[in-house]
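Visitor: Heads up: the sequence shown at position 40 corresponds to 71 in this note's numbering, and the numbers run straight through without jumps.
Glycine is no exception: its CB is placed at the ideal position from the N, C-alpha and C atoms.
Keep in mind it's a predicted model, so treat the numbers as computed, not measured.
Mind having a look at this structure? Questions to follow.
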Amino acid sequence: MLMIQHARDVVSLVRRETSRMRIEGVQIVTPAHMNGTDRWLMEPVKKISVFESPSLGGPCETFEVDGGNCYSLSGSGVLEIATLIQVICDAATDLKNSR
């Protein structure tokens, strides 16, 4: 298990898989105020995407999890008016052991 802070670093590792190293899953850990519960959660990530929002003036990374929630450091309200630029990691196609 590795703990990685940035989405682009996760994508870089996934793309460098070899016969001796493979990524079987990616999970995100979110605090209660971000995930809408009363505790921290660790959830499997389905997609990592880059969105652009006029209110941010630049791109922001988002994490879509199995339950359908999307998380962004920019806040969930920003995503409502954001435009998808690119899906940078899709567990269904990029991970060897995806469900």
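Using a Cβ-Cβ cut-off of 8 Å (strictly less than) and excluding sequence neighbours within five positions of serine 84, which residues of its own chain qualify?
Guide: These residues qualify, in order along the chain: Cys91, Ser105, Val109, Leu110, Ile112, Ala113, Thr114.
Visitor: So for glycine 89, helix, strand or coil by DSSP?
Guide: Strand at glycine 89.
Visitor: Report the rounded CA-to-CA distance for phenylalanine 82 versus cysteine 101, giving the unit in angstroms.
Guide: Approximately 12 Å between the Cα atoms of the pair.
Visitor: Would the region 118-126 and the region 64-84 be scored as touching if the rule is three or more Cβ pairs under 8 Å?
Guide: Counting Cβ pairs under 8 Å, three or more are found: they touch.
Visitor: From arginine 51 to leucine 44, what does the alpha carbon distance come to, in whole angstroms?
Guide: Going by the C-alpha atoms only, they are around 13 Å apart.
Visitor: Output the distance between the C-alpha atoms of isoleucine 133 and glutamate 74, rounded to the nearest integer angstrom.
Guide: Residue 133 lies beyond the range of the chain shown here (32 to 130); nothing can be said about it.
Visitor: Closer than 7 Å by C-beta to glycine 98: which residues in its own chain qualify, once you throw out the five before and the five after it? Chain order, please.
Guide: Glu74, listed in sequence order.
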